[in-house]
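Residue numbers (our numbering): 625 to 1038. We put the CB at the ideal spot given by N, CA and C, even for glycine. Because the structure is a prediction, the values reported are computed rather than measured. A quick write-up on the structure given underneath.
Next up, the structure:
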């Protein structure tokens, strides 16, 4: 900082070149501003207001050429912007922001429609090329066929009866057929990748703009960096009385920073919603695959198995709330393989906890030692008939032989 000599007093006073507002007033009064370590850090970075503007301009030039946005009246005529040619209408910041938002939304809708039309034309071109090359569009180039080849009998019939592939439920049949073509799937993946790239670039641009806005604010008002949010407004009101131009510049910078932060919040919410929708779609697909792996089960059986699983994991310190939270946030727990393992574990626990069947064995009769076994009535009758048969003769002996045979049969069966 150079010094200038006061001709009246002969003293040298510090120059106020490049200073303004409160800082310039302090130097004129003979004070020397205390060095600010935070400001020195910003100076070490080498990013001042002009440098930040140049960096932001370079980023915007790399992304896309600057597009001029102008106002038009109801008849489509461009509004006058030269005060020498007539009245010039003034707009507030809110009106300009609303008009710019509507303009960008209209451009996005137009771009989306153009992409859809271009994509449809690309699909038609792919189908035409496949037919010219002698390929079956349904097979998507997997099997080469002659354009005049006959369709196999098992391939004929109602195409609507075909079962959709997993993940395609609810889609239009024409869309399902198109997604089975590898070239179409590749084109879709390419479009999605480009959309993700645009989102990433937009997020990076927002972050860069936010940093530049903060750097600009620190350059305009270094003292605001140490204030609490509720202290900024009184400080700006005080600054507006001493340096209105500087206060207006700070307010404009804060307004831009707030709009950037709001855009970041909207983008973050949209990304979170997209991730949640993707998670739900994948979880529903896993649920259908798990139903096929576990076999047919009624709703009551599924609820009972879920309760048994909660009891099983509860033995190892996992509560119902923790299990539900993991199922709702972790796709691995919804995978068919994990569902099958959990069902097997529950069934095994049921088998271990099932009551054991008691087998009743028939015990032989107990006989006191040293006593003869009691003879049955049939055995006693047979012995008496044998004694009588030994002394009988004629017809009487024949009748006794028949009775003896019957008695012995009864003794064996009895």
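- Look at the beta carbons and you see the segment 868-878 not touching the segment 915-931: under three pairs across the two are nearer than 8 Å.
- One alpha carbon belongs to residue 901, the other to residue 889, and they sit about 18 Å apart.
- Taken in chain order, the complete alpha helix (DSSP H) segments of 4 residues or longer contained in the segment 901-963 are 923-938 and 944-953.
- Within its own chain, no residue has a Cβ closer than 7 Å to the Cβ of residue 896 once the five positions on either side in sequence are excluded.
- Here residue 970 is actually not in contact with residue 947; their C-beta atoms are around 13 Å apart, not less than 8 Å.
- According to DSSP, residue 1033 shares a beta bridge with no other residue.
- Here residue 884 is buried: its Cβ has 16 or more other Cβ atoms, across all protein chains shown, within 10 Å.
- Taking the Cα positions, residue 861 is about 13 Å away from residue 854.
- In this structure the segment 1003-1013 does not lie against the segment 971-979, because fewer than three pairs of beta carbons, one per stretch, are closer than 8 Å.
- Inclusion of residue 958 and residue 911 in the CB contact set at 9 Å is warranted, their separation being smaller than that value.
- If you ignore the 5 residues before and after residue 936, its C-beta comes within less than 7 Å of the C-beta of 969, 970 and 973, all in its own chain and listed in chain order.
- Cβ neighbours of residue 713 within its own chain (closer than 7 Å, five residues either side excluded): 703.
- Straight-line spacing of the CA atoms in residue 893 and residue 905 works out to 18 Å.
- With respect to residue 929, residue 967 sits close: the two C-beta atoms are nearer than 9 Å.
- When the Cα atoms are used, residue 647 and residue 945 turn out to be separated by approximately 60 Å.
- Cβ atoms of residue 914 and residue 960 come within 8 Å of each other, at about 4 Å.
- Using a Cβ distance threshold of 9 Å, residue 907 and residue 863 do not count as a contacting pair.
- Inter-residue distance for residue 1013 and residue 1031 is about 13 Å (C-alpha atoms, whole angstroms).
- A straight line joining the alpha-carbon of residue 1011 with that of residue 980 spans about 56 Å.
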